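Protein sequences appear in the order of chains A and B. So the mapping is simple: our numbering equals the position in the first sequence, first residue as 1, plus 28. So the mapping is simple: our numbering equals the position in the second sequence, first residue as 1, plus 28. Just so you know, even glycine gets a beta-carbon here, dropped at the ideal spot from N, CA and C. Small disclaimer: the values here were computed from a predicted structure and weren't measured. Just below is one structure, and these are the notes that go with it.
2 protein chains.
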Amino acid sequence: MYKLVQINGGVCASDGFFADGISAGLKANAALDMAFIYSEALCEVASVFTTNKMFAAPIKHFRAKGEFQTNFILINSKNANAMTGKAGVTDIDEVLATIPNVTNPLMSSTGVIGVRLPKKKIIAGAKLFDFTKREPQNAAKAIMTTDTFSKQMAFKVELADGTYFHIGAMAKGAGMINPAMATMLCFITTDANATASQMQEILDAVTVTTFNAASVDGDTSTNDTVLLLSNKKSAAFDKEAFKEALHNIMHFLALEMVRDGEGATKLVTYKVTGARDDKEAEVVAKALSNSLLVKTALFGEDPNWGRIASTVGASGAEAYEETLSIHFNDLCVYDKGELLFNAAMEDKAAAVMKLAKFDISCDLGIADGKFEAYGCDLGYEYVKVNADYRT
Amino acid sequence: MYKLVQINGGVCASDGFFADGISAGLKANAALDMAFIYSEALCEVASVFTTNKMFAAPIKHFRAKGEFQTNFILINSKNANAMTGKAGVTDIDEVLATIPNVTNPLMSSTGVIGVRLPKKKIIAGAKLFDFTKREPQNAAKAIMTTDTFSKQMAFKVELADGTYFHIGAMAKGAGMINPAMATMLCFITTDANATASQMQEILDAVTVTTFNAASVDGDTSTNDTVLLLSNKKSAAFDKEAFKEALHNIMHFLALEMVRDGEGATKLVTYKVTGARDDKEAEVVAKALSNSLLVKTALFGEDPNWGRIASTVGASGAEAYEETLSIHFNDLCVYDKGELLFNAAMEDKAAAVMKLAKFDISCDLGIADGKFEAYGCDLGYEYVKVNADYRT
């Protein structure tokens, strides 16, 4: 028995963690653009990175370390430090060498690809860091790119024996959010007494149904990163409780990212059931969340269930017109070969489409495979944001 | 030795073929919305259909026939006759039974999914058909949906011995154009002395590098159809000449479809070389032509080569930052780990992006695999066209 209590504080909700955001002049108008996370005690680290083969310099820098403990992460927005070759990695070493009193410091970046880090600005900015600050909201704002709101969540986890630990997180998303991870950065801190290998196992499992089930546009970035740090300030740990808390945090942040997808006005959960197996259900759910025709129909609030059926058929998974059924929330719009759609139903379906959040469920009627994926609509604003991202 | 002479006439360029388009009131404003192709002599048939498992009623109707010869195709726009179950097929039989003097008649449809055929209108419309008409332009217009221009091409193929044959085609495309075929219909006639099996072999080979290399939005429709009919009015045939003429026609029509992609303003050829093998080159080329981030950058005329690199890395194909090079036409913007981009080059690259047609070339620097794919940009107009397609 354990109890999850949602609390404030983001990455500073865990004992012994400090964080803040500052302006280094990377963004215009003195907006916050650099953040740090600092821990008094050294932390064990679990991680998930992008599957993109052009993974960015901060990921190379991390992977070169082998086993290590750290107490510091520097995060910048506006520059991804990707496609910058060996120089990208030495740039990180140069920047991090200027930070006093840190051990095995890490760096994480998001922004434009293919431009060297503005080292001078970043080194000058880092001099403003104050490791006694607990300003998680500033940190969460500083890591934003095209995000329109910051994303944080934290829990106090109370165990049956009266002990407890904390787990808190911040994330950024918005563009390039994709089933194979996203241009998303997520930093999670905990004071639980959890080792790197314990955390890694749980993190890998939770990623599948949270960040890897969320899609904005089907593109996978060079910089996707999830870092989970434990400083073991608390003696408490319980695997199931930790997993549930981590799942709740990552599920919430994944949906927040989709809801804040560039130009998104709707958050849709694609519930696929009855597939040949879970893998095929995942293929179908992700095909739906990534289909341009489905996404534009959502934007137009057009209950075009034919595009849903067509996308199921095009996904590559086993599927039959005669066994498929489709629901918009509880409204059945197509049932195993039966055309149910008429003017009255069209009105009801259109009413569902006007909601900010709803489910589209597809039962393939074959076996027991199931998967849920999360997607958004695609409208003019997505085009606007992405037509000239660099300027 | 042979010679290809481009001629007018579309599907009527081949001897003994007739075609016309009429208005049956399916589209508004008395626009042309039904077409026929008729041959005096019975034709052998080769075909390629969608890979979508929810394939439409006309494809079920065709596949139920086994081996056959035909002299007639009825084509309607505005209604796809897809997801209409067994009734969709009997609707076709009912419609075709009203057409006099045809043998094994075929039907082909494009438009909205999940609505029964408007049989009365279609049967009344078919009574307007006049099998002595040669109005290929009317036929090509009648099969359009969101296309903004009609698409036709034809050749006279002159062989070394003085004999000759013709091959002519019309197509429609616009939305749901995709590497695994498209919502595209293409009808090709020839008077060459070619059997169904000879034509099928050539058609399958040519499809890979033409229609299956073209993408507008990565969605694969329920209705994609290519039909190739030979009435053998000419005694002439030469396999190589036929293949080259068919390739030229299908390549031209594929590019016309991409150029006329919904809201498209640019036609981009993605030339991928140096991949581990041709299959991996195809994966990369199609990933580029389908990437939303690449497509919106094209629309914004933003020479964002970092998104190209990121998409290559995300494609799943073997790729390395240190061996990749990227060109916009002849301009090298990234060379095997070297960041070449500066303000002067940015101006040059931006000038390429302003062209209506250009190449983006990626050499992966691994082995000899290569593939070319064709794509377009994605702008506000695509969203507009697709946000409420059905109204």
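| task | Starting from ASN99 of chain B, trace the beta strand (DSSP E) both ways and give me its first and last residue. | result | The count along the second sequence starts at 1 and reaches residue 99 of chain B at position 71. Membership of ASN99 of chain B in the beta strand (DSSP E) is indicated by the continuous run 98-104.
(message) So that I know if they touch, is there some Cβ in chain B lying closer than 8 angstroms to that of ALA309 of chain A?
(response) Walking along the first sequence from the start, residue 309 of chain A turns up at place 281. Chain B contact via Cβ: absent.
Closer than 8 angstroms at the beta carbon, the chain A residues around MET181 of chain B: Within the second sequence, the letter at position 153 stands for residue 181 of chain B. Near MET181 of chain B there are no residues of chain A at all, since even the closest Cβ is about 28 angstroms away, more than 8 angstroms.
Residue range of the alpha helix (DSSP H) that GLU308 of chain A falls in? Here the question's residue 308 of chain A lines up with position 280 in the first sequence. DSSP places GLU308 of chain A inside the alpha helix (DSSP H), whose first and last residues are 306-318.
Assigned exposure category for LYS179 of chain B - 16 Cβ within 10 Å defines buried: Numbered from 1 along the second sequence, position 151 holds the residue referred to as residue 179 of chain B. It counts as buried.
Supposed close pair GLY38 of chain A, ALA222 of chain A - CB separation, criterion 8 angstroms: The count along the first sequence starts at 1 and reaches residue 38 of chain A at position 10. The count along the first sequence starts at 1 and reaches residue 222 of chain A at position 194. Taking C-beta atoms under 8 angstroms as the contact rule, GLY38 of chain A and ALA222 of chain A fail to qualify, at a distance of about 19 angstroms.
*Checking contacts by CB at 8 angstroms: is ASN370 of chain B closer than that to chain A?*
Within the second sequence, numbered from 1, the residue matching residue 370 of chain B stands at position 342. No, ASN370 of chain B does not count as interfacial toward chain A.
Kindly indicate which residue of B:ALA63, B:ALA384, B:GLU346 and B:LYS114 has the alpha-carbon position closest to the one of LEU156 of chain B.
For this step, residue 156 of chain B is matched to residue 128 along the second sequence. Looking at the Cα atoms, B:ALA63 is the closest of the given residues.
First through last residue of the beta strand (DSSP E) which encompasses SER136 of chain B | In the second sequence, the residue the question calls residue 136 of chain B occupies position 108. Where SER136 of chain B is concerned, the enclosing beta strand (DSSP E) stretches over 134-137.
_Opposing strand residues paired with PHE45 of chain B [DSSP bridges]_ = Residue 45 of chain B sits at position 17 when you count from the first residue of the second sequence. For PHE45 of chain B, which the question treats as bridged, DSSP gives the partners B:SER67.
Return the CA-CA distance between ALA347 of chain B and LEU231 of chain A, expressed in angstroms with no decimal places.
Against the second sequence, residue 347 of chain B aligns to sequence position 319. Against the first sequence, residue 231 of chain A aligns to sequence position 203. When rounded, the distance between both Cα atoms is 27 angstroms.
Exercise for review: Can you have a look at SER42 of chain A and say buried or exposed, based on whether 16 or more other CB atoms are within 10 angstroms of its CB?
Suggested key: By one-based count along the first sequence, residue 42 of chain A stands at place 14. That one is buried.
| Start-to-end residues for the alpha helix (DSSP H) that takes in GLU284 of chain A | For the purposes of this step, residue 284 of chain A is taken as residue 256 along the first sequence, with counting starting at 1. First-last of the alpha helix (DSSP H) with GLU284 of chain A: 267-287.
_Give me the chain B residues within the contact set of SER249 of chain A, using Cβ-Cβ distance strictly less than 7 angstroms, ordered along the chain._
For the purposes of this step, residue 249 of chain A is identified with residue 221 of the first sequence, where counting begins at 1. Within chain B, the residues SER338 have their CB atoms less than 7 angstroms from the CB of SER249 of chain A, given in chain order.
Mapping the DSSP letters down to three states, classify TYR402 of chain B as helix, strand or coil.
For the purposes of this step, residue 402 of chain B is identified with residue 374 of the second sequence, where counting begins at 1. If DSSP states are grouped into helix, strand and coil, TYR402 of chain B belongs with the strands.
Can you have a look at GLN34 of chain B and say buried or exposed, based on whether 16 or more other CB atoms are within 10 angstroms of its CB?
As a first step, residue 34 of chain B must be located in the second sequence, where it is residue number 6. By the neighbour-count rule (16 or more Cβ atoms within 10 Å), GLN34 of chain B is not buried but exposed.
Taking only beta-carbon positions, decide if ARG335 of chain A is within less than 8 angstroms of chain C.
-> Absence of chain C from the displayed structure is noted, the protein chains being A and B.
Show which residues of chain B have a CB atom less than 9 angstroms away from the CB atom of THR297 of chain A. In the first sequence, the residue the question calls residue 297 of chain A occupies position 269. Within chain B, no residue comes near THR297 of chain A; the closest Cβ sits about 21 angstroms away, beyond 9 angstroms.
Original post:
For MET204 of chain A, which of helix, strand or coil comes out of DSSP?
Top reply: Residue numbering aside, residue 204 of chain A sits at position 176 when the first sequence is read from its first letter. Caution is warranted here: a pLDDT of 47 is assigned to MET204 of chain A, below 50, making its placement in the model unreliable, and no coordinate value can be reported.
Exercise. Using a Cβ-Cβ distance under 8 angstroms, would LEU406 of chain A count as near chain B?
Worked result: Looking up residue 406 of chain A in the first sequence gives position 378. For LEU406 of chain A, the nearest beta carbon of chain B is closer than 8 angstroms to its own beta carbon.
For LYS294 of chain B and GLU329 of chain B, the rounded distance between their alpha carbons | As a first step, residue 329 of chain B is located in the second sequence; it is residue number 301 there, counting from the start. As a first step, residue 294 of chain B is located in the second sequence; it is residue number 266 there, counting from the start. When the Cα atoms are used, GLU329 of chain B and LYS294 of chain B turn out to be separated by approximately 10 angstroms.
Checklist entry - According to DSSP, is LEU326 of chain B helix, strand or coil? => result Along the second sequence, read from residue 1 onward, the residue named residue 326 of chain B stands at position 298. Helix at LEU326 of chain B.
Nearest candidate by alpha-carbon position, reference ARG304 of chain B, set B:MET278, B:ALA233, B:ASP391 and B:ILE354: Residue numbering aside, residue 304 of chain B sits at position 276 when the second sequence is read from its first letter. Shortest Cα-Cα distance from ARG304 of chain B to any of B:MET278, B:ALA233, B:ASP391 and B:ILE354 involves B:ASP391.
- Task: Go through its chain and collect everything with a Cβ distance to SER319 of chain B's Cβ below 6 angstroms, but skip five positions before and after it.
- Result: If you number the second sequence from 1, residue 319 of chain B lands on position 291. Answer for SER319 of chain B: THR339, listed in chain order.
field: Which listed residue (B:ALA115, B:ALA241, B:THR250 and B:GLU290) has its alpha carbon closest to that of SER317 of chain B
entry: Position 289 of the second sequence, counting from 1, holds the residue named residue 317 of chain B. Relative to the Cα of SER317 of chain B, the nearest Cα in the group B:ALA115, B:ALA241, B:THR250 and B:GLU290 belongs to B:ALA241.
- request: Give me the Cα-Cα distance between ALA264 of chain A and GLN97 of chain A, rounded to the nearest whole angstrom.
  value: Within the first sequence, numbered from 1, the residue matching residue 264 of chain A stands at position 236. Within the first sequence, numbered from 1, the residue matching residue 97 of chain A stands at position 69. Here the alpha carbons of GLN97 of chain A and ALA264 of chain A stand approximately 20 angstroms from one another.
_Could you compute how far the alpha carbon of LEU134 of chain A sits from the alpha carbon of GLY341 of chain A?_
As a position in the first sequence, residue 134 of chain A is number 106, starting the count at 1. As a position in the first sequence, residue 341 of chain A is number 313, starting the count at 1. Our two residues, LEU134 of chain A and GLY341 of chain A, have alpha carbons roughly 45 angstroms apart in a direct line.
_Endpoints, beta strand (DSSP E) assigned at LEU256 of chain A_ = Looking up residue 256 of chain A in the first sequence gives position 228. For LEU256 of chain A, the uninterrupted beta strand (DSSP E) run begins and ends at 253-258, by DSSP.
Report task. Could you check how far apart the C-beta atoms of GLY302 of chain A and ALA395 of chain A are, in whole angstroms? I think they sit under 8 angstroms. Result -> To locate residue 302 of chain A, count along the first sequence from 1; it is residue 274. To locate residue 395 of chain A, count along the first sequence from 1; it is residue 367. So it is a contact: roughly 7 angstroms between Cβ atoms.
request  = Give a yes or no on whether the minimum CB-CB distance between GLY44 of chain A and chain B is below 8 angstroms.
outcome  = Here residue 44 of chain A is taken as the residue at index 16 of the first sequence, counted from 1. At a cut-off of 8 angstroms between beta-carbon atoms, GLY44 of chain A makes no contact with chain B.
Using 8 angstroms as the threshold, is the C-beta distance between ALA224 of chain B and GLU72 of chain B below it? Taking the first residue of the second sequence as 1, we reach residue 224 of chain B at position 196. Taking the first residue of the second sequence as 1, we reach residue 72 of chain B at position 44. Yes, these two residues count as a Cβ contact at 8 angstroms.
8 angstroms is my cut-off, CB to CB: does GLU268 of chain B come that close to chain A? The count along the second sequence starts at 1 and reaches residue 268 of chain B at position 240. No - not a single Cβ of chain A is within 8 angstroms of the one on GLU268 of chain B.
Handout entry: For THR250 of chain A and ALA84 of chain A, believed in contact at Cβ under 8 angstroms, the rounded distance
Key = Position 56 of the first sequence, counted from the first residue, corresponds to residue 84 of chain A. Position 222 of the first sequence, counted from the first residue, corresponds to residue 250 of chain A. The distance from the Cβ of ALA84 of chain A to that of THR250 of chain A is about 5 angstroms, consistent with a contact at the 8 angstroms cut-off.
I'd like to know whether the C-beta of VAL140 of chain B is nearer than 8 angstroms to at least one C-beta of chain A. Start at 1 with the first residue of the second sequence, and residue 140 of chain B comes out as number 112. The beta carbon of VAL140 of chain B falls within 8 angstroms of a beta carbon belonging to chain A, placing the residue at that interface.
Handout entry: Pairwise C-alpha distance: LEU256 of chain B and PRO164 of chain B
Key = What you label residue 164 of chain B is simply residue 136 of the second sequence in a count that begins at 1. What you label residue 256 of chain B is simply residue 228 of the second sequence in a count that begins at 1. Computed Cα separation, rounded: 16 angstroms.
task: Could you tell me the boundaries of the alpha helix (DSSP H) in which VAL117 of chain A lies?
output: In the first sequence, the residue the question calls residue 117 of chain A occupies position 89. Per DSSP, VAL117 of chain A is one residue of the alpha helix (DSSP H) stretching across 113-125.
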